[in-house]
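Numbering (the UniProt record's numbering), first residue to last: 1 to 109.
The beta-carbon is built from N, C-alpha and C at its ideal position, and this holds for glycine as well.
Set out below in structure tokens:
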């Protein structure tokens with residue numbers, strides 16, 4: 001009989017989160033909660049943010065395509081600017097307050 005330890009469960013969740021984020025196509029966004037739900041833990045939106053914060057600088061994962069449930073960028077300072085620039089490079093309009101049109105840009109797999 002095999003059991004899943006909490007550490008293995010966390011690793012599995014992390015891997016599912018990363019796979020979900022990798023699948024978001026250019027020009028689309030997903031919310032933290034949407035990624036958590038797709039990864040099997042619908043109440044783990046904050047953990048998705050924690051996983052994203054742990055990514056190394058320069059990662060190829062499209063982390064910038066994940067926004068909050070209001071369709072706004074949650075980052076501040078230099079990170080806000082990097083995320084906004086990356087989204088704009090994909091043709092996504094982000095206003096000065098860091099909001100985008102989630103209704104039209106939300107990825108629906």
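Residues of the same chain with a CB within less than 6 angstroms of the CB of residue 44, apart from the 5 flanking positions on each side, are 36 in chain order.
Residue 12 has its alpha-carbon roughly 31 angstroms from the corresponding atom of residue 92. Sixteen is the threshold: since fewer than 16 other Cβ atoms of the shown chains lie within 10 Å of the Cβ of residue 55, the residue is exposed.
Here the alpha carbons of residue 10 and residue 74 stand approximately 23 angstroms from one another. In this structure residue 42 is exposed. Its beta-carbon is surrounded by fewer than 16 other beta-carbon atoms within 10 angstroms.
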